[in-house]
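**Student:** Encoded as structure tokens, here's the structure I'll be asking about.
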């Protein structure tokens, strides 16, 4: 491994390690310190925090993917998953896909929950859903799309003899990699179906998210007059937290991808560094998520302040100067 590889590798592991206590503290605050008026929404926040944390551990500790020096280019694992064999490594890679899919589904569920919390008289062509219909819909949202992504990932990440032969024929350098780690490469048999499902999932997710955001803005304008300052402020805090939780993974993932695109356009060999950057940037995902929950949502911020005894009020009285 090069010096840059070692630096990024240990930086990602260190970031995940340092974020672990923060994530556990965030999940504890959500469970134990949530106000009653949040109702079921605390489980949405808990779901997001849990899957973000598991994703960071899976990618930043177990997988630690690298690119091969061969053509066609593939990914291989240098983390704990490299000791699990091809099947175990494939399951770890599929688990990472499941985690990020569950995270996106939970974020979308959060926006849907916020919209329905503002719209008391939600109807579909005159039909008003019952609470059980919302429960069924939420269950399908967090099971069906991520489950489909997991199934496709397992199929696409399975060891393929065709791709293995391509690596061996392309370069002798790939022999040692094949002996120790699982390879993931752009083989048509698994790559094309995976790309189709991924594109459909992202497109539907983006459309549903946009519809929810437009609906939330409209409902806030309608009900602003009838809301108390406390209720309106809590809605805004929850929406700000969701906005950060949505933007963080997209920005952290998009930045290295932009590096890859620039390298492709100008024929620069940036791909391996982009993968390393993605490891490090995504390892900070859970930290940003935790700060978004604790800092933006006042009940959790106040609970954390009391637990750590952070007192911002002045402790010296005026009488001490008289």
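Residue numbers (full-length UniProt numbering): 1 to 322.
Yeah, the Cβ is synthetic: ideal placement off N, Cα and C, and Gly gets one too.
1. To which residues does DSSP link residue 66 through a beta bridge?
2. On the criterion of 16 or more Cβ atoms from any shown chain inside 10 Å, does residue 349 qualify as buried, or is it exposed?
3. Is residue 297 helix, strand or coil by DSSP?
4. Tell whether a beta-carbon distance below 8 Å holds between residue 64 and residue 77.
5. Taking contact to mean at least 3 C-beta pairs separated by less than 8 Å, is the region 241-250 in contact with the region 274-294?
6. Excluding the 5 residues preceding and the 5 following residue 246 in the sequence, name in chain order all residues of the same chain whose CB lies nearer than 6 Å to its CB.
7. Return the bridge partner residues of residue 124 from the DSSP annotation.
8. Run through DSSP, which three-state label would residue 323 get?
9. Can you give me the C-alpha to C-alpha distance between residue 197 and residue 306, rounded to a whole angstrom?
10. Taking residue 139 as the reference, which of 54, 276, 36 and 105 has the closest Cα?
11. Just checking my contact of residue 115 with residue 212 at CB under 8 Å: how many whole Å lie between their CB atoms?
12. Report the three-state DSSP secondary structure of residue 226 (helix, strand or coil).
13. Does the Cβ-Cβ distance between residue 216 and residue 118 come in under 8 Å?
14. According to DSSP, is residue 42 part of a helix, a strand, or is it coil?
15. By a C-beta neighbour count over all protein chains shown, 10 Å radius and 16 as the cutoff for buried, is residue 309 buried or exposed?
16. Under 8 Å by Cβ, that's how I've got residue 66 and residue 92 pegged, so tell me the actual separation to the nearest angstrom.
17. What is the C-beta distance between residue 90 and residue 29, in whole angstroms, given that I count them as a contact (C-beta under 8 Å)?
18. Which residue wins for smallest C-alpha separation from residue 148, given the options 199, 128, 120 and 122?
19. Grab the span of the alpha helix (DSSP H) containing residue 82 for me, first residue to last.
20. Could you round the C-beta distance between residue 209 and residue 296 to whole angstroms and report it? I think they count as a contact, below 8 Å.
21. Measuring alpha carbon to alpha carbon, tell me which of 137, 113, 286 and 300 ends up nearest residue 51.
22. Could you check what DSSP says for residue 156 in three-state terms: helix, strand or coil?
23. So residue 277 and residue 253 are supposed to be a Cβ contact under 8 Å. How far apart are they, rounded?
24. Within 10 angstroms of its Cβ, does residue 82 collect 16 or more other Cβ (buried), or is it exposed?
25. Spatial neighbours of residue 227 within its chain, please: CB distance less than 8 Å, with the 5 preceding and 5 following residues excluded, ordered by chain position.
26. Can you look up residue 8 in the DSSP assignment and give me helix, strand or coil?
27. Leaving aside the five residues before and after residue 35 along the sequence, list all residues of the same chain whose C-beta is less than 8 Å from its C-beta, in chain order.
28. Note down the Cα distance separating residue 25 from residue 100, rounded to an integer number of angstroms.
29. Would a C-beta distance cut-off of 8 Å place residue 19 and residue 56 closer than the cut-off?
30. State the DSSP-derived secondary structure class of residue 203, mapped to helix, strand or coil.
31. According to DSSP, is residue 243 part of a helix, a strand, or is it coil?
32. DSSP state of residue 308, grouped into three classes?
33. Would you decide whether residue 8 is buried or exposed? Buried here means 16 or more other CB atoms lie within 10 Å of its CB.
**Tutor:** Let me lay it out:
1. Here residue 66 is bridged, per DSSP, to 76.
2. This structure cannot speak to residue 349, because the chain is shown only from 1 to 322.
3. The three-state secondary structure of residue 297, taken from DSSP, is coil.
4. In this structure, residue 64 sits near residue 77, with a CB-CB distance shorter than 8 Å.
5. The region 241-250 is in contact with the region 274-294.
6. The beta carbon of residue 246 sits closer than 6 Å to those of 107, all from its chain and outside the five residues before and after it, given in chain order.
7. Looking at the DSSP assignment, residue 124 forms a beta bridge with 127.
8. This structure gives no information on residue 323, because the portion of the chain shown stretches from 1 to 322.
9. Near 46 Å, if we compare the C-alpha coordinates of residue 306 and residue 197.
10. Distance check between residue 139 and each of 54, 276, 36 and 105 places 105 closest, using alpha-carbon atoms only.
11. 5 Å between Cβ atoms; contact.
12. Note: residue 226 maps to coil in three-state DSSP.
13. Their beta carbons are under 8 Å apart, which means residue 216 touches residue 118 by this criterion.
14. Correct three-state label for residue 42: helix.
15. By the C-beta density criterion, residue 309 is exposed, having fewer than 16 other C-beta atoms within 10 angstroms.
16. For residue 66 against residue 92, the beta-carbon gap comes to about 14 Å, at or over 8 Å, which does not count as contact.
17. In this structure residue 90 is not in contact with residue 29, their Cβ atoms being roughly 35 Å apart against a cut-off of 8 Å.
18. Minimum Cα distance to residue 148 is reached at 199.
19. It is not in any alpha helix (DSSP H) - residue 82 carries neither H nor E in the DSSP assignment.
20. Cβ-Cβ separation between residue 209 and residue 296: approximately 18 Å, too far for a contact (criterion under 8 Å).
21. When the alpha-carbon of residue 51 is set against those of 137, 113, 286 and 300, the nearest one is in 286.
22. Helix at residue 156.
23. A Cβ-Cβ distance of about 10 Å is found for the pair residue 277 and residue 253, leaving them out of contact under the 8 Å criterion.
24. Residue 82 is buried by the Cβ-count criterion.
25. Residues of the same chain with a CB within less than 8 Å of the CB of residue 227, apart from the 5 flanking positions on each side, are 235 in chain order.
26. Under the three-state reduction of DSSP, residue 8 is assigned to helix.
27. Setting aside the 5 residues that flank it on each side, residue 35 is surrounded in the same chain by 299, each with a C-beta closer than 8 Å to its C-beta; the list follows chain order.
28. Going by the C-alpha atoms only, they are around 21 Å apart.
29. Yes. Within cutoff.
30. Of the three classes helix, strand and coil, the one that applies to residue 203 here is helix, per DSSP.
31. Residue state, collapsed to three classes: helix.
32. Residue state, collapsed to three classes: coil.
33. Residue 8 counts as buried, since at least 16 other C-beta atoms from the protein chains shown sit within 10 angstroms of its C-beta.
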